[in-house]
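**Student:** Heads up, the sequence shown is in the numbering used here, so the first residue is 690 and it goes up one at a time. Ideal placement from N, C-alpha and C gives every residue a C-beta, glycine not left out. Just so you know, these numbers come straight off a predicted model, no measurement behind them.
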Amino acid sequence: MEPSEKIDAVCEAAHERKAEDIVVMEMAGRSGLCDFFVVMSAPSSVRVKAIVDHVEESLKREGLAPRVKEGYAEALWVLLDYGDVIVHVFYHEKRKFYDLETLWGDAPRRRFLK
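1. Ends of the alpha helix (DSSP H) at residue 750?
2. Say whether the segment 730 to 743 touches the segment 770 to 790, bearing in mind that this needs 3 or more beta-carbon pairs closer than 8 angstroms, one atom from each stretch.
3. If the criterion is Cβ atoms closer than 9 angstroms, does the pair residue 726 and residue 802 meet it?
4. Note down, in chain order, each residue of its chain lying with its Cβ closer than 6 angstroms to the Cβ of residue 704, except the 5 sequence neighbours on either side.
5. What separation, rounded to the nearest whole angstrom, lies between the Cα atoms of residue 756 and residue 776?
6. Kindly indicate which residue of 695, 735 and 752 has the alpha-carbon position closest to the one of residue 708.
7. Helix, strand or coil for residue 792 per DSSP?
8. Where does residue 763 fall in DSSP's three states?
9. Please report the residue range of the alpha helix (DSSP H) in which residue 784 lies.
10. Under a CB-based cut-off of 9 angstroms, is residue 760 close to chain D?
11. I believe residue 724 touches residue 795 by the beta-carbon criterion, under 8 angstroms. Please report the beta-carbon distance rounded to the nearest angstrom.
12. Name the residue from 747, 771 and 793 whose alpha carbon lies nearest to the alpha carbon of residue 698.
Listed below in structure tokens is the structure:
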């Protein structure tokens, strides 16, 4: 699956579970980890888990599983590593604290709007 297709699938699944402020950041040439970040937030840890579960289920139907999944037990910042696309699902306060958008301020980005 191409990165753009993964991004679309992630954003659609996250939107279906009411993820907020979904941002796609182009990381190619900035990070040796991946080509894209998909960053989003939720107002509760319950919603964070619901978003993560639905993203995983949606991509699993496409034959994809995350290489790494971190932070699920606490559900304050969950990371799903799909190789060229890394998904970050934050509880609102943790997103403000870690502020990836400012940390990677030079990365081109676009908002997912539905």
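**Tutor:** Once the coordinates are examined:
1. In the sequence shown, counting from the first residue as 1, residue 750 sits at position 61. Boundaries of the alpha helix (DSSP H) around residue 750: 734 to 750.
2. With the rule of 3 Cβ pairs closer than 8 angstroms, the segment 730 to 743 counts as touching the segment 770 to 790.
3. Looking up residue 726 in the sequence shown gives position 37. Looking up residue 802 in the sequence shown gives position 113. Cβ distance not < 9 angstroms, so residue 726 and residue 802 don't count as in contact.
4. Indexing the sequence shown from 1 puts residue 704 at position 15. So the qualifying residues of the chain are 803.
5. As a working mapping, residue 756 is identified with position 67 in the sequence shown. As a working mapping, residue 776 is identified with position 87 in the sequence shown. Near 11 angstroms, if we compare the C-alpha coordinates of residue 776 and residue 756.
6. One-based indexing of the sequence shown puts residue 708 at position 19. The shortest Cα separation from residue 708 among 695, 735 and 752 belongs to 735.
7. Counted from its first residue, the sequence shown places residue 792 at position 103. Judged by DSSP in its simplified three-state form, residue 792 adopts helix.
8. In the sequence shown, the residue the question calls residue 763 occupies position 74. Note: residue 763 maps to coil in three-state DSSP.
9. Here the question's residue 784 lines up with position 95 in the sequence shown. It spans 781 to 787 - the alpha helix (DSSP H) in which residue 784 sits, taken as one unbroken run.
10. Protein chain content of the structure displayed is limited to a single chain, and chain D is not contained in it.
11. Your numbering for residue 724 matches position 35 in the sequence shown. Your numbering for residue 795 matches position 106 in the sequence shown. So it is not a contact: roughly 15 angstroms between Cβ atoms.
12. Here residue 698 refers to the residue found at position 9 of the sequence shown. When only C-alpha atoms are compared, the closest one is 747.
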